[in-house]
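Peer 1: Below is one structure. I have some questions about it.
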Amino acid sequence: MSSSHQKDHAALAAEFNKDEPRVDWHDQTLWWVRQKRDKAAARVPEWELLRDTASQIKENVLSNLSGYLRQFEEEATRNGITVHWAADAKEHNEIVFSILSRHKVDKMVKSKSMLTEECHLNEFLHEKGIEVVDTDLGERVVQLAGEPPSHIVLPCIHKKKEEIGEIFHEHLGTPAGNADPQFLTHAARLHLREKFLTRRIALTGVNFGVAETGEFVVCTNEGNADMGAHLADVHIACMGIEKLIPQRRHLGVFLRLLTRSATGQPITTYSSHFRRPRPGQEMHIVLVDNGRSIHLGRKDFRSSLKCIRCAACFNTCPVYRRSGGHSYHTAVAGPIGSILSPNLDRKKYADLPFASTLCGSCSNVCPVKIDIHEQLYKWRQVIVQEGYAAAGKTAAMKTMNWVLSNPGVYHTAGKAGRWFMSNVPFTVKNGLNTWYRQRDMPEPPKESFSEWYKKNKK
Amino acid sequence: MRVGLFIPCYIDQFYPQVGIATLELLEKLGCEVVYPPEQTCCGQPMANSGFEHLTKGCNDLFIKNFETFDYIVGPSGSCVLHIKEHIHDPAGDIPNKIYELVEFLTDVLKVEALDASFPYKVGLHQSCHGQRGLKLAQMTELMAPPFSKPQQLLNLVKGLELIELDRKDECCGFGGTFCVAEEAVSVKMGKDRVADHIHHGAEVITAADMSCLMHLEGILRRQQSKVRIKHIAEILNSQA
Chain A
1 MSSSHQKDHA ALAAEFNKDE PRVDWHDQTL WWVRQKRDKA AARVPEWELL RDTASQIKEN
61 VLSNLSGYLR QFEEEATRNG ITVHWAADAK EHNEIVFSIL SRHKVDKMVK SKSMLTEECH
121 LNEFLHEKGI EVVDTDLGER VVQLAGEPPS HIVLPCIHKK KEEIGEIFHE HLGTPAGNAD
181 PQFLTHAARL HLREKFLTRR IALTGVNFGV AETGEFVVCT NEGNADMGAH LADVHIACMG
241 IEKLIPQRRH LGVFLRLLTR SATGQPITTY SSHFRRPRPG QEMHIVLVDN GRSIHLGRKD
301 FRSSLKCIRC AACFNTCPVY RRSGGHSYHT AVAGPIGSIL SPNLDRKKYA DLPFASTLCG
361 SCSNVCPVKI DIHEQLYKWR QVIVQEGYAA AGKTAAMKTM NWVLSNPGVY HTAGKAGRWF
421 MSNVPFTVKN GLNTWYRQRD MPEPPKESFS EWYKKNKK
Chain B
1001 MRVGLFIPCY IDQFYPQVGI ATLELLEKLG CEVVYPPEQT CCGQPMANSG FEHLTKGCND
1061 LFIKNFETFD YIVGPSGSCV LHIKEHIHDP AGDIPNKIYE LVEFLTDVLK VEALDASFPY
1121 KVGLHQSCHG QRGLKLAQMT ELMAPPFSKP QQLLNLVKGL ELIELDRKDE CCGFGGTFCV
1181 AEEAVSVKMG KDRVADHIHH GAEVITAADM SCLMHLEGIL RRQQSKVRIK HIAEILNSQA
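So this is what it looks like as structure tokens:
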């Protein structure tokens, strides 16, 4: 998808919208997940209290992060785990590679980890001659298709079962035209089992690191993280530094919120605790910063580090549902991705905070109460002030501001909508009037309200 | 009670009938209403595009026009929310005395009866800034008791039949400059909203925000649909 990086969200979304029935299908599929979330949340009488509590626990974590990180490192080390610190994506990738090299291993299984997507670990290792097999079913599908995930919880939600049938036919030798989900899942199971049994190193993500005990928790529905970690001689777990919670009992809040928010299930099928390596096994944790500590210093944006990657904001977002994950051209798409990504690269992701109507639904579903839509608004201000807005847009805004700041100019220019028709943002003429292409213009009335008022009331 | 009538710029220019309905309705309900003639815009189009730093002119003009009133009332949840959240009014209390029309009727005037009649099937579009920003109605994402201020008022109108929707509070896709910057998604969102209303038999789509309705109207007219749009002020002031 590297070529698509040249296009912005609007252009990529326009491409996605060329196939309207597909947009309808994508929208309805994700809306169904949102509805499942609503039903699951409604069954928990203290749902809103849980959200408040989770948000406050994470507030505490962010405010005391260095202390919790040291505690976590100390406890994990005491448990026999090797702890690594990576300042950025490059260091993270090199640490993983060094572990593989030391064991003279060139093949690895990996369960779901958005952090490794963020760090582009697969591409890095591929260049070093290492084969990585993603063992989450959805991730394996997109990996075989040569695409990045389009959704952080449902990586291949943009693929129809018939398309998955074709991919499996091409790569796994299933019969052409077979798109039966049960059959395809069984084929994937056989394919992955062989990988699990023969790989000596397994990498997993981390959902929660517990500072008090030095253990980490990995949540999956397929058990693929467990299968990988338990069969391998070496387990590498990669986690962003914000994934900590202070105590094990806090899982009672987060595990109840996570999967209800994500898929509407009461809990993930597997919520596995890893505390110490089994005899003869090596266990590593790579703690990754990659811009997080800079983000932590931004007053307006730090709370986005509370994110537990449930993707509820994706599923509820009317823009995401109708533009697809790849239109965000970043590892973490959707509303949360649009407030996290500008921290990593302001220029490359300058478009993302604008890929929203600011409807606010994302903030309402967020299980840790991140004010996502308010941060989108604030990122827009930062992006413009740092000079990433198009020059034409800046000039248009200055003109509009001048007219709207001067009542005399406004009323003269505005007579019966004349100035408005050609200058307000929704009708602005730029060769091709993008309002009019698919929508009729409002009909300008004979007189404006202010003209009517002057005649009739004064 | 002296009420300053805040008529957002695009309503002034394109939908004067909404301003007139708002004015008449408030007067009928016993308010002394004044329209400060020097008003223009709340500054939101610039601010939402990332140019809040340019809006000082609009900001100061708004304060000058409205600071002396007991209440400021406008028929637009979005513009009212923008003033409430973003006005820099160090001396005054504008954020506390500005109201969107619906909430002014239910919360300040405490309207329990209306002399209005509108014998049509009406679909209520919940404009996001009014709903999620000003909390005019409960939001489907929250696990909390339902309420709806616009519905409360529409229920007082004779002959009006409110239809159900599949998606009660999905955004229409207008979104200010979003509607042209992200044309494809904006139009698709609007088409889907319109389809939900039509599917449930709406003859008229109403909302407390004219900007959403302008977007939906553009789509309806392009589809040559017979479904009309009416701002909630027009319905509450209607003698059809």
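These protein sequence lines are chains A and B, in that order.
For the first sequence, my numbering begins at 1 and goes up steadily by one.
For the second sequence, my numbering begins at 1001 and goes up steadily by one.
Glycine residues also receive a C-beta, built at the ideal position from the N, C-alpha and C atoms.
These numbers were taken from a predicted model, which means no experiment stands behind them.
Please determine, among A:217, A:158, A:253, A:363, the residue with the shortest C-alpha to C-alpha distance to residue 19 of chain A.
Peer 2: Position 19 of the first sequence, counting from 1, holds the residue named residue 19 of chain A. If we check each option's Cα against that of residue 19 of chain A, A:158 comes out closest.
Peer 1: Looking at C-alpha atoms only, which residue of A:367, A:276, A:284 is the closest neighbour of residue 316 of chain A?
Peer 2: In the first sequence, the residue the question calls residue 316 of chain A occupies position 316. Per the Cα distances, A:367.
Peer 1: Within the stretch 63-91 of chain A, note down every full alpha helix (DSSP H) run reaching 4 residues or more, in order along the chain.
Peer 2: List check, alpha helix (DSSP H) in window: 65-78.
Peer 1: I think residue 1206 of chain B touches residue 1124 of chain B, with their Cβ atoms under 8 Å apart; what is that distance to the nearest whole Å?
Peer 2: In the second sequence, the residue the question calls residue 1206 of chain B occupies position 206. In the second sequence, the residue the question calls residue 1124 of chain B occupies position 124. The Cβ separation is near 6 Å, so the contact holds.
Peer 1: Residue 1123 of chain B bridges to which residues according to DSSP?
Peer 2: Translated into positions along the second sequence, residue 1123 of chain B becomes position 123. Residue 1123 of chain B is bridged to B:1205.
Peer 1: Three-state secondary structure (DSSP) at residue 247 of chain A?
Peer 2: Position 247 of the first sequence holds residue 247 of chain A. Three-state result, residue 247 of chain A: coil.
Peer 1: Where does residue 379 of chain A land, buried or exposed, given buried means 16+ other C-beta within 10 angstroms?
Peer 2: By 1-based counting over the first sequence, the position of residue 379 of chain A is 379. Flag for residue 379 of chain A reads buried.
Peer 1: Helix or strand or just coil, what does DSSP make of residue 1099 of chain B?
Peer 2: On the second sequence, position 99 is the one that residue 1099 of chain B refers to. Strand, per DSSP.
Peer 1: State the Cα-Cα distance for the pair residue 204 of chain A and residue 356 of chain A, rounded to the nearest angstrom.
Peer 2: Here residue 204 of chain A refers to the residue found at position 204 of the first sequence. Here residue 356 of chain A refers to the residue found at position 356 of the first sequence. Those two C-alpha atoms are separated by around 32 Å.
Peer 1: For a test of the three-state rule: what should DSSP assign to residue 38 of chain A, helix, strand or coil?
Peer 2: In the first sequence, residue 38 of chain A corresponds to position 38, counting from 1. Residue 38 of chain A falls in the helix class under three-state DSSP.
Peer 1: Residues of the stretch 300-323 of chain A in Cβ contact with chain B at a cutoff of 7 Å, in chain order, please.
Peer 2: For the stretch 300-323 of chain A, which is checked against every Cβ of chain B, the residues closer than 7 Å are 316, 318, 319, 322, 323.
Peer 1: Considering just the uninterrupted stretch of the alpha helix (DSSP H) at residue 240 of chain A, what are its terminal residues?
Peer 2: Along the first sequence, one-based indexing puts residue 240 of chain A at 240. Careful: residue 240 of chain A lies outside any alpha helix (DSSP H), inside the beta strand (DSSP E) at 234-240.
Peer 1: According to the neighbour-count rule (16 or more other Cβ atoms, all chains shown, within 10 Å of its Cβ), is residue 150 of chain A buried or exposed?
Peer 2: Mapped onto the first sequence, residue 150 of chain A falls at position 150. It counts as buried.
Peer 1: Residues in the same chain with beta-carbon distance under 7 Å from residue 1169 of chain B, minus the five sequence neighbours each way, listed in chain order, please.
Peer 2: Within the second sequence, residue 1169 of chain B is the residue found at index 169, counting from 1. Closer than 7 Å at the Cβ level, and outside the excluded window around residue 1169 of chain B, lie 1126, 1131, 1139, 1140.
Peer 1: Whole angstroms is fine: what's the gap from residue 1086 of chain B's alpha carbon to residue 362 of chain A's?
Peer 2: Translated into the one-based positions of the second sequence, residue 1086 of chain B becomes position 86. Translated into the one-based positions of the first sequence, residue 362 of chain A becomes position 362. If I take the Cα positions, the gap works out to 21 Å.
Peer 1: For the putative contact between residue 307 of chain A and residue 365 of chain A, defined by C-beta atoms under 8 Å, what is the C-beta separation to the nearest angstrom?
Peer 2: As a position in the first sequence, residue 307 of chain A is number 307, starting the count at 1. As a position in the first sequence, residue 365 of chain A is number 365, starting the count at 1. Rounded, the Cβ-Cβ distance is 12 Å, inconsistent with contact.
Peer 1: Answer with yes or no whether the minimum CB distance from residue 119 of chain A to chain B is below 7 Å.
Peer 2: What you label residue 119 of chain A is simply residue 119 of the first sequence in a count that begins at 1. No, because no Cβ of chain B sits closer than 7 Å to the Cβ of residue 119 of chain A.
Peer 1: Taking 7 Å as the threshold (beta carbon to beta carbon), is residue 1222 of chain B in contact with chain A?
Peer 2: As a working note, residue 1222 of chain B is residue 222 in the second sequence. Output row for residue 1222 of chain B: interface = yes.
Peer 1: Strictly under 7 Å for the Cβ-Cβ distance: is residue 386 of chain A near chain B by that measure?
Peer 2: Position 386 of the first sequence, counted from the start, is the residue given in the question as residue 386 of chain A. So no, residue 386 of chain A is outside the interface.
Peer 1: Where does residue 12 of chain A sit, in a helix, a strand or coil, going by DSSP?
Peer 2: Here residue 12 of chain A refers to the residue found at position 12 of the first sequence. In this structure, residue 12 of chain A counts as helix in the three-state DSSP scheme.
Peer 1: Whole angstroms is fine: what's the gap from residue 301 of chain A's alpha carbon to residue 160 of chain A's?
Peer 2: Reading the first sequence from its first residue, position 301 is the one you call residue 301 of chain A. Reading the first sequence from its first residue, position 160 is the one you call residue 160 of chain A. Near 36 Å, if we compare the C-alpha coordinates of residue 160 of chain A and residue 301 of chain A.
Peer 1: Applying the criterion that 16 or more other CB atoms from any shown protein chain within 10 Å of the CB defines a buried residue, is residue 201 of chain A buried or exposed?
Peer 2: Counting from 1 along the first sequence, the entry for residue 201 of chain A is found at position 201. Counting Cβ neighbours within 10 Å, residue 201 of chain A comes out buried, since at least 16 surround it.
Peer 1: Taking DSSP's pairing of strands, which residues face residue 457 of chain A in a bridge?
Peer 2: Walking along the first sequence from the start, residue 457 of chain A turns up at place 457. For residue 457 of chain A, which the question treats as bridged, DSSP gives no partner whatsoever.
Peer 1: For residue 302 of chain A, does the three-state DSSP call read helix, strand or coil?
Peer 2: As a working note, residue 302 of chain A is residue 302 in the first sequence. DSSP places residue 302 of chain A in helix when its eight states are reduced to three.
Peer 1: What does a CB cutoff of less than 6 Å around residue 269 of chain A pick up in its chain, not counting 5 residues either side in sequence?
Peer 2: On the first sequence, position 269 is the one that residue 269 of chain A refers to. The answer, listed in chain order, is 221.
Peer 1: With contact counted as at least three CB pairs below 8 Å, one residue from each stretch, are the stretch 121-132 of chain A and the stretch 208-222 of chain A in contact?
Peer 2: The answer is no - the stretch 208-222 of chain A does not touch the stretch 121-132 of chain A, with fewer than three Cβ pairs under 8 Å.
Peer 1: Taking Cβ-Cβ distances below 7 Å as the criterion, which residues of the stretch 1202-1214 of chain B are in contact with chain A?
Peer 2: Listed in sequence order: 1214.
Peer 1: Please confirm if the stretch 282-297 of chain A is in contact with the stretch 1151-1161 of chain B, defined as three or more CB-CB distances below 8 Å between the two stretches.
Peer 2: Judged by Cβ distances under 8 Å, the stretch 282-297 of chain A makes no contact with the stretch 1151-1161 of chain B, as fewer than three pairs qualify.
Peer 1: Can you list, in chain order, the residues of its chain with a C-beta nearer than 6 Å to that of residue 1129 of chain B? Leave out the 5 residues immediately preceding and following it.
Peer 2: Along the second sequence, read from residue 1 onward, the residue named residue 1129 of chain B stands at position 129. Within the same chain, residue 1129 of chain B has close Cβ partners 1077, 1078, 1081.
Peer 1: Name the chain A residues whose beta carbon is nearer than 8 Å to that of residue 1109 of chain B?
Peer 2: Taking the first residue of the second sequence as 1, we reach residue 1109 of chain B at position 109. Ordered by position in chain A, no residue passes the 8 Å Cβ test against residue 1109 of chain B, which lies about 21 Å from the chain.
Peer 1: Given a threshold of 16 other Cβ atoms within 10 Å of its Cβ, counted over all protein chains shown, does residue 1240 of chain B qualify as buried or as exposed?
Peer 2: As a position in the second sequence, residue 1240 of chain B is number 240, starting the count at 1. By the neighbour-count rule (16 or more Cβ atoms within 10 Å), residue 1240 of chain B is not buried but exposed.
Peer 1: Reducing DSSP to helix, strand and coil, say where residue 1162 of chain B ends up.
Peer 2: In the second sequence, counting from the first residue as 1, residue 1162 of chain B sits at position 162. In this structure, residue 1162 of chain B counts as strand in the three-state DSSP scheme.
Peer 1: What are the residues of the stretch 357-368 of chain A that lie near chain B, defined by any Cβ-Cβ distance shorter than 7 Å?
Peer 2: The residues in question are 357, 358, 359, 360, 361, 364, 365.
Peer 1: Just to confirm my understanding: we take residue 1180 of chain B, look at its own chain, exclude 5 residues before and 5 after, and list those with CB closer than 8 Å. What are they?
Peer 2: On the second sequence, position 180 is the one that residue 1180 of chain B refers to. For residue 1180 of chain B, where only same-chain residues beyond five positions count, the Cβ hits under 8 Å are 1186.
Peer 1: Near residue 1122 of chain B, what residues of its chain come up, given a Cβ to Cβ distance below 6 Å and the 5 sequence neighbours on each side ignored?
Peer 2: Mapped onto the second sequence, residue 1122 of chain B falls at position 122. Cβ within range, chain order: 1160, 1162, 1204, 1206.
Peer 1: Does the pairing of the stretch 319-338 of chain A with the stretch 223-230 of chain A give three or more beta-carbon distances under 8 Å?
Peer 2: No, the stretch 319-338 of chain A is not in contact with the stretch 223-230 of chain A.
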